[in-house]
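Using UniProt numbering, you'd call the opening residue of the sequence shown number 1 and step up by one each time. Worksheet: the structure to be examined is printed underneath.
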Amino acid sequence: MSFCVSDQQQSLGNAASTSTRPTKRTKTAGAASNVTEATAPQKTPVLMGMRGEYAAGGFLDMPVEILFEIFGWARPEDLLSLTRTSKPLRSILRNRRTALSTWKSAFARHYPDMPACPPGMDEPRYARFMCSRECHGECEGLAGEGETRAFWYLRVRYCQPCLDKRVINRIDSKAPYYHCVPIEYVFPAASAPYRRPQYLLGDVESFNRQLDELPPGEERDAFIEREEERMRGLHEHVAKCMKWEREQNMKHHAELARIRERRFDGIVQRIVDLGYGDELDRMESEEFRSLVRVDDHSREQELTDREWDRIELDIVGYLKRRRSEEETERRGDAACEAEA
């Protein structure tokens, strides 16, 4: 199967060229006789409104094997973004038969420790859940990154307003769906001392609809048993995901600590290179911490020349004042000794 769109683009281009070609004007007496239709400059037709659909036309003209080789180096969240750029790219990357290995390669390359995509989810949906912080609700991802939360058992990511619209807070332990539908225990408020069980309304409605379509007896019992088994598998997968999340958070905090340490060491080295090493050696710990606060070294960014230019004036100004105060104090001490 070919995913190229060059033929479609060519036909559209021909149609656009025909519809937008300027009509020939009648020659006037003052017109140059040697200008003919063949030598007159031709205007290049512009396809208006085609940016989303055909902006990547040249890219998609490459062989499919090369496209997938390129896609294989992308992160899962980048592949997810590519599916939203144009319909041709979406059809390529959402084709499970041809693109499945590309998604799996992206997960394996960039998230080797992440639990595998569970049954019931495809890789693009799993990437949206695990690698993106956008809301899955009506706000369509417009919630800020800090405003969404992953609900592992429900396998969704919602901001609080979208969550409130989709959950059932009253749980009937005798209902058929009680052990057959994902349940999440959520703190109803930040200060709440307990967690409240919640179902997604869509999950309950889907389960009840399937259950009502089955006649009472063995078929219905087998369906309930399968759903209960599916919930046991869900719990096992969620445990792996939560463990992975904890490990990622630990790695993230450790990396931030390393960045802060490298930044601090870089600032100290630049101060020494400017000739203020003796001032640093004579500083008390409290004074040194004051310099650190002036320096703002705790920012979790690598120290670059641009960053140093931003903070150098404050640091050097502080050290110059300290050096001047020390010299004034030494001269005063010398004068006192001379008088004595």
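Even for Gly, the Cβ is constructed at its ideal location relative to N, Cα and C.
Residue pairing by DSSP places Q198 opposite E184 in a beta bridge.
Separation of the CB atoms of W244 and M114 is rounded to 6 Å, and the pair is thereby assigned contact status at 8 Å.
Excluding sequence positions up to five before and after V181, its CB lies within less than 7 Å of the CB of Y199, D203, V204, F207, all in the same chain and listed in chain order. In the DSSP assignment, V156 forms a beta bridge with F151. The alpha-carbon separation between M242 and D172 amounts to approximately 27 Å. For T102, the enclosing alpha helix (DSSP H) covers residues 96-110. Within the DSSP secondary-structure output, V167 pairs in a beta bridge with L200.
Setting aside the 5 residues that flank it on each side, E65 has no residue in the same chain whose C-beta is closer than 6 Å to its C-beta. Here DSSP, grouped into helix, strand and coil, assigns S86 to coil. Check the Cα spacing between L201 and each of L163, L79, A127: the tightest is with L163.
Contact between A127 and L79 holds, with the beta-carbon distance rounding to 7 Å and staying under 8 Å. Taking a cut-off of 8 Å for Cβ pairs, the segment 224-239 and the segment 97-114 do not touch, as fewer than three such pairs fall below it.
By the criterion of a C-beta distance shorter than 6 Å, G137 is surrounded in its chain by Y158, C162, once the five residues flanking it on both sides are discounted.
If you draw a straight line from the Cα of A335 to the Cα of D273, it is about 32 Å long.
Taken atom to atom, the span from the alpha-carbon of F151 to that of E184 is near 7 Å.
Relative to the Cα of L154, the nearest Cα in the group E312, E300, P197 belongs to P197. Inclusion of F71 and T98 in the CB contact set at 8 Å is not warranted, their separation being larger than that value.
About 6 Å separates the beta carbon of L303 from that of I267, a gap short enough to meet the 8 Å contact definition. By the neighbour-count definition (other C-beta atoms within 10 Å, threshold 16), S285 is an exposed residue.
Per DSSP, S132 lies in no alpha helix (DSSP H) segment and is marked neither H nor E. Secondary structure note for L214: it is in no alpha helix (DSSP H), with a DSSP letter that is neither H nor E. With 16 or more other Cβ atoms inside 10 Å of its own Cβ, L291 counts as buried. Residue environment: R321 is assigned as exposed (fewer than 16 neighbouring CB atoms within 10 Å of its CB, all protein chains considered). The alpha-carbon separation between D221 and L214 amounts to approximately 9 Å. In terms of Cα proximity to H237, the closest of R149, R94, P118 is P118.
About 23 Å separates the CB atoms of L256 and E312; that is not less than 8 Å, and the two are not in contact. Remark: C-beta atoms of L60 and P88 approach each other more closely than 8 Å. From the listed residues P112, Q269, Y178, the smallest Cα separation to E247 is found for P112.
Between the C-alpha atoms of R195 and N169 there is a straight-line separation of about 11 Å.
DSSP places S324 in the uninterrupted alpha helix (DSSP H) bounded by 305-339. A direct Cα-to-Cα measurement between L93 and R166 gives close to 30 Å.
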